[in-house]
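Numbering (the numbering used here), first residue to last: 28 to 244.
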């Protein structure tokens, strides 16, 4: 599904569940597209468990550019894409907005405006590599202040924020041996397939608990 945004044409890739209990909208990162391994794994598996997955391809990526545009442009596009999805009828049930890396940051900034029930943050870039003093924690803390549940799925070796750098009150799933792309090292304690299974299973459990459960209560 193509969608016009203030910064060009974006694309929504819909993997719908037969009878959705929730819909997850995921934005990609600054260095990859909707084909990244974690987004593909979620899109392949969650619909079979009743959760529709919609991946949003930002206009810069669809236009063939290699470098992402500035964060405000990412937010502006997302804030148009989700209402377009809702209008199409493909957004069924509670909305979970999320993404990986730059897409996770955008989701965190836009969750409240989009009326999201929860926010899924894959490989949240807590800071630029080697620059922990340039923390993006306020974007994450803002969700807690708004009462929006958030789940961070982080690789153990993520150079943009190791799990131990996050505050204790952040709900965190650690992928052993994984880097920022959630790629596991050769000597990691689990295989790449096992790592992606962990991402999918943890995400599903959390969505059922925080989005579906809270919406029903």
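Beta carbons: idealized from backbone N, C-alpha and C, even for Gly.
Asked	Found
Which listed residue (150, 122, 134 and 152) has its alpha carbon closest to that of residue 239	122
For residue 120, the nearest candidate out of 206, 68, 44 and 28 (CA to CA)	44
The stretch 193-207 / the stretch 223-240 touching (three or more Cβ pairs under 8 Å)	yes
Local Cβ density within 10 Å of residue 65, reported as buried at 16 or more and exposed below that	buried
Beta-carbon gap between residue 156 and residue 186 smaller than 8 Å	yes
7 Å CB neighbourhood of residue 87 in its chain, flanking five on each side removed	95 and 96
Segments of 3+ residues assigned as beta strand (DSSP E) that fall wholly inside the stretch 44-105	49-54 and 78-84
Neighbourhood of residue 34 by C-beta, 7 Å cutoff - its chain only, sequence neighbours within 5 removed	86, 96, 100, 103 and 104
Residue environment, residue 142, which counts as buried when at least 16 other CB atoms sit within 10 Å	exposed
Coil, strand or helix - residue 41 by DSSP	strand
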